[in-house]
Amino acid sequence: MLQHTSIHKKLIILSLFSISVILIYASKLSISDYDYYQNSQETILIVELSVHLSDVVHEIQKERGASAGFLSSKGSKFSDTLLQQRKMTDEKINKLKDYLALSQNQYTKKALQGIDFSQLEMTRSNIDSFSIGTKAAVAYYTALNKSSIGIISEFSTFSKNITIRNMLNSLMLFISAKERAGIERAILSATFSKNEFNQFLKMKFLSVLAQQKALLELFEYSANDSFKQFYSQIKSDSSFKEVERMRNVALSKEKDFAIDASYWFKTITQKINHLKEMENKITDSVLENAYQIKNQAFFMLIIIAILSLFVLSTITWLNRSISLSIMNKILNFKKAIEKVKNGDLSMMLTFRKDSQNEMDQIAMLFQSLITIMQDLTTRISTSVHFASQGDFSSCELNEHGLHGDFSKAIGSVMRGIEAMKEAHTKQEVIKFNAQLRAINDVGGSISLIQKEIDTIVADLSEVLQTTDATSTQSAQSLVVVDEILSKLQILVESIHTSNSTIEKLDQKGSEITSVVDLIKTIAEQTNLLALNAAIEAARAGEHGRGFSVVADEVRNLAEHTQKATSEIAVSIESMRQETASIVEKSEIMTELANDVSGSVENFKGSMNQLNTGAKDMSHLVQNMEHQAYIVLVKIDHIIFKSNAYGAMIKADGGAHFIDHKDCRLGKWYVDKGKTVFSNTNSYAKLDKPHAAVHDLTIKNMEFIRDADKRLEYADEIIQNYNEMEAASVELFSLLDQMRNELGNTKRPSTL
36 MLQHTSIHKK LIILSLFSIS VILIYASKLS ISDYDYYQNS QETILIVELS
86 VHLSDVVHEI QKERGASAGF LSSKGSKFSD TLLQQRKMTD EKINKLKDYL
136 ALSQNQYTKK ALQGIDFSQL EMTRSNIDSF SIGTKAAVAY YTALNKSSIG
186 IISEFSTFSK NITIRNMLNS LMLFISAKER AGIERAILSA TFSKNEFNQF
236 LKMKFLSVLA QQKALLELFE YSANDSFKQF YSQIKSDSSF KEVERMRNVA
286 LSKEKDFAID ASYWFKTITQ KINHLKEMEN KITDSVLENA YQIKNQAFFM
336 LIIIAILSLF VLSTITWLNR SISLSIMNKI LNFKKAIEKV KNGDLSMMLT
386 FRKDSQNEMD QIAMLFQSLI TIMQDLTTRI STSVHFASQG DFSSCELNEH
436 GLHGDFSKAI GSVMRGIEAM KEAHTKQEVI KFNAQLRAIN DVGGSISLIQ
486 KEIDTIVADL SEVLQTTDAT STQSAQSLVV VDEILSKLQI LVESIHTSNS
536 TIEKLDQKGS EITSVVDLIK TIAEQTNLLA LNAAIEAARA GEHGRGFSVV
586 ADEVRNLAEH TQKATSEIAV SIESMRQETA SIVEKSEIMT ELANDVSGSV
636 ENFKGSMNQL NTGAKDMSHL VQNMEHQAYI VLVKIDHIIF KSNAYGAMIK
686 ADGGAHFIDH KDCRLGKWYV DKGKTVFSNT NSYAKLDKPH AAVHDLTIKN
736 MEFIRDADKR LEYADEIIQN YNEMEAASVE LFSLLDQMRN ELGNTKRPST
786 L
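Under my numbering, the first residue of the sequence shown is numbered 36, with each subsequent residue one higher.
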């Protein structure tokens, strides 16, 4: 009902509610204190009435003892004492009657109904004429006192104050003990007057002594320290010891006590008068406490009334001031939000930047939000415009300057635009299937998404495997490229070595050519010398014939040498030409090897970039797989809860729900999840809320398993479902935290 009520009315309702609560609480306190005050007033009336009753009881006790002594002595003793005592008794009775007549309340009415003095004069006449026995006379007075003491006893429980009630209980015990002392006085007055015990009085005397002793012990146990101290003082009087002495004499003999009845009566009366002082002490203390409590209660009534008025006035003023302040701020925000709702993001809010006021801080945050929304809408609208026209190549969207969910929104739009075309058909199928099952089966429609995400997870796993294989292959290719580079380097070095050797060979060929030229020159000179020698031999005639033969041989040797040197020169020249050709080809091979080495180096760089990209892509796909799996797990639990609600609504006792260890998340938790996420803080916390979702659902199913007990245990079922939802929220939060802790938001580096 309140969700459709305005904040202004809610504030008024809150104010009225708080004021009503204070009024109720103040009224309750006032009623309690007034009741306490009234009870104190009634306690005073009870104590005053008890004082009058105890005075009458005290005098009747003395008249009872004197009457017993008078009857037992056949009038020889106690005649004057009895007459005087009757006057004192009548005086107290008249005071009691006057008090009862003046004080008209429920307690005085009860006393009038409970006490009957109508037979007193007739009993006295029977005593004077000795027409009544001692036993009957004592019994009458005892019954009269018993009715008065019974009224006092009944009144002692009416007080609500524990202290006064304990005092009244102590008074009741002491009056009862004093009554037994009065009976003891009457019994021994009669006994000492006859100077012998009869069997009835002996038994009665023993019973009264036992009762008196027990009541006094109870009194001393329940009395406060002040009462105990005063009682100890009055017990020190000599009458107490003298009564004890005469009591022991009576207990030790059956007759011939040698104790005067009048002396006994006087002594025990003195003792009972001291007991009466103790009784008056108690009644005075009760009255004093009752008046104190009455005054305190009246004072508290005044204080509570004043405090209640002050608190009500203060709260009313505070509620009004705070309500007006909040409403003014809310109206300003309402106008601003209406403009934003109408698409006006150009507005500016007024606020104090350094203010501690939450409304100013909200205004500042709202203005920042508007600025971010302007930037976000501009980026998204531009990209979506191109995407809607099918121009995906022009969608240049980036996350610069945006953080958190806005950055995620941009990322989601980017991924959505990239996948829009290829995912259109799949989305239509999902939409169609969801429309078919959305009427009564929320879990069923989510199951369609679950199957699609299952497929996506499977595809992501396959992509991850392919990416890992690509990364492995690229790494292996890099190794092969390194081997090729090493071999090419060895080849280049070998070619350089061969070139050096060929150049040295060419140098040696040049040197041989020089030597051949020298030999050729020597051969020509030798041939010339042989020709000259032949000419000189011819001139010498017969004497020069031998020298001519030698000259011919030398010439022939020179000719052969020239011919050999010519052939050697031709061979050397041919060798030099071949060497030059080899050197030229070696230089070409060296350049080609250098070019191939450079190309392989470039190819190695490309392979390194490809390998880095493959690793980044593998990391991204892993993150996508984790995110998709977590979404799938969430959907599993949504379906699980939907089925649980459906079974409970239909009272389907045959529905089966698995344990948390047997579901997808439970199996993943101890297998792959443990391998990937066990080092995160959130992983160890998953099991508790996960188990709670399943256990609470299974627990609720027990209420419809054998019989429909939903109405009988409705509160417990609702409480279990509330706890299940709380555990589910905690589980989803921990799953997101776990993914974030693993660092799944890290993007792959650009190739």
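C-beta atoms are modelled at their ideal positions from N, C-alpha and C, and glycine is treated no differently.
Keep in mind that this is a model prediction, so the values were computed, not measured.
(request) Check whether the segment 704 to 711 touches the segment 733 to 749, counting contact only when three or more Cβ pairs, one atom from each stretch, lie closer than 8 Å. (result) no
(message) Quick check on the DSSP output: what are the complete alpha helix (DSSP H) runs of length 4 or more inside the segment 125 to 168, in order along the chain?
(response) 141 to 149 and 155 to 163
(request) In the DSSP assignment, find the unbroken alpha helix (DSSP H) run with LEU794 in it and report its ends. (result) Given a span of 36 to 786 for the chain in the structure shown, any question on residue 794 remains unanswerable.
(message) Counting C-beta neighbours from all protein chains within 10 Å, is the total for VAL243 16 or more, i.e. buried, or is it exposed?
(response) buried
(message) Do PHE675 and THR715 count as a contact pair if the criterion is CB distance below 9 Å?
(response) no
(message) Give the list of continuous alpha helix (DSSP H) stretches no shorter than 4 residues that lie fully inside the segment 679 to 753.
(response) For the segment 679 to 753, whole alpha helix (DSSP H) runs of length 4 or above, ordered along the chain, are 699 to 705, 707 to 712 and 722 to 736.
(request) Please name the residue in TYR60, SER108, ILE186 and ALA101 whose C-alpha comes closest to that of LEU117. (result) ALA101
(request) Kindly indicate which residue of MET736, LYS734 and PHE767 has the alpha-carbon position closest to the one of LYS720. (result) PHE767
(request) Select from LEU137, ALA146, LYS122 and LYS145 the residue whose C-alpha is nearest the C-alpha of LEU155. (result) Relative to the Cα of LEU155, the nearest Cα in the group LEU137, ALA146, LYS122 and LYS145 belongs to LYS122.
(message) So, with DSSP's three-state summary, where would you put LYS239?
(response) helix
(message) I'd like to check one pair, ALA593 with ALA18: are the Cβ atoms closer than 9 Å?
(response) Residue 18 lies beyond the stretch modelled for the chain, which goes from 36 to 786, so this question has no answer here.
(request) Please report how far the alpha carbon of SER211 lies from the alpha carbon of ALA332, in whole angstroms. (result) 32 Å
(request) Locate the alpha helix (DSSP H) running through ASN283, then write down its first and last residues. (result) 273 to 287
(request) Compare the Cα-Cα distances from MET659 to each of GLU497, GLU613 and LYS145 and report the closest residue. (result) GLU497
(message) Classify GLN120: buried if its beta carbon has 16 or more other beta carbons within 10 angstroms, exposed otherwise.
(response) buried
(message) If contacts are defined as beta-carbon pairs under 8 Å, then GLU279 and THR302 qualify, I think. What distance do you get, rounded to the angstrom?
(response) In this structure, GLU279 and THR302 do not form a Cβ contact; the two beta carbons are roughly 10 Å apart against a cut-off of 8 Å.
(request) Evaluate GLN247 with the Cβ neighbour count: other Cβ atoms within 10 Å of its Cβ, from every protein chain shown; 16 or more gives buried, anything less gives exposed. (result) buried
(request) Spell out a yes or no on whether the segment 282 to 302 and the segment 327 to 346 are touching, meaning 3 or more CB-CB pairs, one atom from each, closer than 8 Å. (result) The segment 282 to 302 vs the segment 327 to 346: no contact.
(request) For THR349, count neighbouring C-beta atoms within 10 Å of its own C-beta (all shown protein chains included) and say buried if the count is 16 or more, exposed if not. (result) THR349 is exposed by the Cβ-count criterion.
(message) What residue range does the alpha helix (DSSP H) around PHE262 cover?
(response) 260 to 270
(request) Report yes if the CB atom of THR351 is closer than 9 Å to the CB atom of SER194, and no otherwise. (result) Taking C-beta atoms as the reference points, THR351 and SER194 fail to come closer than 9 Å.
(request) Name, in chain order, the residues that DSSP records as bridge partners for LYS290. (result) BP columns for LYS290 point to GLU231.
(request) Can you tell me which of the three DSSP states ARG472 falls into? (result) Annotation note: pLDDT 40 at ARG472 (below 50); position unreliable, no value reported.
(request) Let me know if GLY640 comes out buried or exposed under the rule of 16 or more other beta-carbons within 10 Å of its beta-carbon. (result) exposed
(request) Select from LYS598, ASN567, GLN597 and ARG159 the residue whose C-alpha is nearest the C-alpha of SER583. (result) Among LYS598, ASN567, GLN597 and ARG159, the Cα nearest to that of SER583 is on ASN567.
(request) Let me know the secondary structure DSSP gives LYS620 once reduced to three states. (result) helix
(message) Taking contact to mean 3 or more Cβ pairs, one atom from each stretch, closer than 8 Å, check whether the segment 88 to 102 and the segment 174 to 187 are in contact.
(response) Contact between the segment 88 to 102 and the segment 174 to 187 is present: 3 or more CB-CB pairs across the two stretches fall below 8 Å.
(message) What does the Cβ neighbour count give for TYR718, buried or exposed, with the cut at 16 atoms within 10 Å?
(response) buried
(request) Check whether the Cβ atoms of ARG159 and GLU219 sit closer than 9 Å, and answer yes or no. (result) no
(request) Note down the Cα distance separating LYS213 from GLU126, rounded to an integer number of angstroms. (result) 21 Å
(message) Helix, strand or coil, according to DSSP, for MET313 in the structure here?
(response) Three-state result, MET313: helix.
(request) Give every residue of the same chain whose Cβ lies closer than 8 Å to the Cβ of ALA727, excluding the five residues on either side of it in the sequence, and list them in chain order. (result) GLU758, MET759 and ALA762
(request) Flag this pair as yes or no: are the beta carbons of LEU251 and PHE240 separated by less than 9 Å? (result) no
(request) Check THR625 in the structure and name its three-state DSSP category. (result) Three-state DSSP puts THR625 in a helix.
(message) Restricting to Cα atoms, I'd like to know which of ILE603, SER609, SER111 and ILE317 is closest to SER89.
(response) That would be ILE317, whose Cα lies nearest to the Cα of SER89.
(request) Just mark PHE104 as buried or exposed, buried being the case when its beta carbon has 16 or more other beta carbons within 10 Å. (result) Per the sequence presented here, residue 104 reads as Gly, with Phe not at that position. The residue is buried, with at least 16 neighbouring Cβ atoms inside 10 Å.
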